[in-house]
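Protein chains in written order, with my numbering: chain A, 1 to 103; chain B, 1001 to 1155. Every residue gets a Cβ at the ideal spot worked out from N, C-alpha and C, and that includes glycine. These numbers were taken from a predicted model, which means no experiment stands behind them. A short write-up of the structure that comes next.
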């Protein structure tokens, strides 16, 4: 199952703010399961990439301290009609990606 | 003779480093780029050293760090870093000083992106949120205290 991402973006004067909501538990591996006394296994997104028309412009690394169901916004140089794509990978190797055409 | 020895040693150490790196890569961590040392560091300075090679960042008013003064729920603290007034922003890192592992996230930017990041982070208690921005080869920082009424790490 791939990670679900919802994206939005609008270009204004050559600069676009791209916002994304990612559906992911972001389990840091520290939180304890009170019933078993053991921590929940870590499962968090550690790599995030933003591409404009296929060229990588933002490359991010995350830890488990990013909130669950992460929200991320970046600003890129792009005009309306350009394609912006976001792809994520978590520490278990699960991937997800989404792309939009800017308004 | 000395030069010979030097070369020999460098080659040997180089090979050792490669071997050590290969050994660290367990099957789950296919992503070799992920900076494990920086993210597992327990102190902000250690994380910064591993990330940027230095922890000496100058305070800059050009960085706009937006975080709430009081976060009701530490598990979702909105943080925005706007460094667009700095030239040539290469990287932005966000750290929460008292988290078990302070480094929260690090963004690298290519020419097609602006130095701007907005996200939500987890904070266990009242602490400083710090951002370190690398621009034009120099390190700049900004920080702000966020009061947390309900912690976000642990149950």
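Residue contact check for residue 63 of chain A against chain B: a CB pair falls below 9 Å. Among the CB atoms of chain A, none fall inside 9 Å of the CB of residue 1088 of chain B.
The beta-carbon of residue 70 of chain A is placed less than 9 Å from the nearest beta-carbon of chain B.
Secondary structure of residue 1036 of chain B (DSSP, three-state): helix. Cβ-Cβ distances below 6 Å link residue 1145 of chain B to 1128 in the same chain, with the five nearest sequence neighbours on each side left out; the list follows chain order.
Contact note: residue 88 of chain A does not reach chain B at a C-beta cutoff of 9 Å; the least C-beta distance is about 11 Å. The three-state reading of DSSP puts residue 1048 of chain B in helix, counting H, G and I together. For the options A:87, A:10, A:35, the alpha carbon positioned closest to that of residue 58 of chain A is the one of A:87. The beta carbon of residue 85 of chain A does not come within 9 Å of any beta carbon belonging to chain B, so the residue lies off that interface. Not a single C-beta of chain A is nearer than 9 Å to the C-beta of residue 1098 of chain B. Taking the beta carbon of residue 1035 of chain B as reference, the chain A residues within 8 Å of it are 61, listed in sequence order. Distances from the CA of residue 27 of chain A to each of A:47, A:2, A:65, A:101 were compared; the closest alpha carbon is that of A:65.
What residue 55 of chain A touches in chain B, judged by beta-carbon distance under 7 Å, is 1112, going in chain order. Residue 20 of chain A sits in a strand when the DSSP states are folded into three classes. For residue 1068 of chain B, no beta strand (DSSP E) run applies, since DSSP gives it neither H nor E. When 9 Å is used as the limit between beta carbons, residue 1075 of chain B is near these residues of chain A: 67, 68, in chain order.
By the rule that beta-carbons nearer than 9 Å mark a contact, residue 1101 of chain B touches chain A. When the beta-carbon positions are compared, residue 79 of chain A and residue 20 of chain A stay at least 9 Å from each other. The beta carbon of residue 1062 of chain B lies closer than 6 Å to those of 1085, 1086 in the same chain, with the five residues before and after it left out.
For residue 1121 of chain B, the nearest beta carbon of chain A is closer than 9 Å to its own beta carbon. A check of alpha carbon separations from residue 1033 of chain B across A:81, A:61, A:74, A:101 identifies A:61 as the nearest. Counting the other CB atoms within 10 Å of its CB gives residue 6 of chain A a total below 16, which places it among the exposed residues. Cβ proximity to chain B below 7 Å picks out 15 from the region 9-22 of chain A. Cβ-Cβ separation between residue 1057 of chain B and residue 1141 of chain B: approximately 4 Å, consistent with a contact (criterion under 8 Å).
Setting aside the 5 residues that flank it on each side, residue 1040 of chain B is surrounded in the same chain by 1101, each with a C-beta closer than 7 Å to its C-beta; the list follows chain order.
Only buried fits residue 22 of chain A, as 16 or more other CB atoms lie within 10 angstroms of its CB.
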